[in-house]
Amino acid sequence: MKIAIAIDIKASKQEVWNVITNIENSEKTISGIDKVEILNNPKDSMIGLKWKETRTLFGKPSTETMWITEAVENKYYKTRAESNGAIYQTILKLSEKENTTSLTMEFNSEAISLKAKIMAFIFGRIIGKSMKKLIKKDLIDIKTASENK
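Once you know that position 25 of the sequence shown is 25 in the UniProt record's numbering, the rest is easy, because the numbers rise by one and skip nothing.
Here you go:
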C-alpha cells in the first residue's frame, strides 16, 4: 500500500522542520499520538533515532517501534518500522515555494509474511482509508503547530 499526501504550510522550511523533527514532543503536536518513548537518541545525527509511538487505532492502543534510516536536514527524513509481518516506511519531505512550505508524507507498507499478505488482501481497502485519514490529520496538526510558532 502506498499513500502520498501533501499540505501547504504558511511557515518557513526551518519552522516546519523543527516541528516534524521534535519527535520526543510529538504527542503535544499531533493529536493522534498518545505517547512517545525515545529508545535511542544519537548525538550527532537524526539517523538512528529510535522511539516507541503509541496511538489508538480502531479503539485499541497500538505501539510501534520506529527509527530514522535516512535524513537530510531541512529536506526530508525517512522512518522504518517492522511489525506483524510487515515493513512500514514513511518519508516526510519539505519543499519551499514563495511564502509557503509544502510538506509531503509518503507512507508505504509491504506485507512480508503470509499472514500479513492475507490480512492486507482482506482488509487493505479499510486500512488504506484509515491510513489516509490518519495522515491527513497528522499533516493538519503539523500545519497548525508550524503556523502558530
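All residues carry an ideal CB built from backbone N, CA and C; glycine is no exception.
Test item: CB-CB of residue i and residue j under 9 Å
i	j	result
N108	T90	yes
M105	A71	no
L114	I5	no
K13	T101	yes
L103	I30	no
K143	I7	yes
I127	A116	no
Anticipated Cβ contact below 8 Å, residue i with residue j, distance rounded
i	j	result
T65	K35	The Cβ separation is near 13 Å, so there is no contact.
I68	G48	7 Å
Y76	L57	No, Y76 and L57 are not in contact; Cβ-Cβ is about 25 Å, not under 8 Å.
I135	I3	6 Å
Check: residue i C-beta below 8 Å from any heavy atom of the ligand NAP
i	result
M119	Among the ligands in the structure shown, none appear at all, so the ligand NAP cannot be discussed.
Proximal residues to residue i (C-beta, below 7 Å), its chain only, five neighbours per side dropped
i	result
W51	I23, V36, E37, I38, L39, M66
N25	none
G124	M1
A11	T101, S146, E147, K149
E110	A86, I87
N41	L49
Chain-order list of residues whose beta-carbon lies under 6 Å from that of residue i (same chain, five-residue window excluded)
i	result
E15	S146, K149
S62	R55
S95	S102
I118	none
K43	none
S83	E64
Beta bridge counterpart(s) of residue i as assigned by DSSP
i	result
R80	W67, Q89
D8	S102
I3	F107
Own chain residues within Cβ distance below 8 Å of residue i, not counting five before or after
i	result
W17	E73, N74, L94
E27	I33, D34, K35, V36
* Could you name each continuous beta strand (DSSP E) segment of 3 residues or more that falls completely within the segment 15 to 74, going from the start of the chain to the end? => 33 to 40, 50 to 57, 60 to 72
* What are the uninterrupted segments assigned as alpha helix (DSSP H) that are 4 or more residues long and contained completely in the segment 94 to 121, given in chain order? -> none
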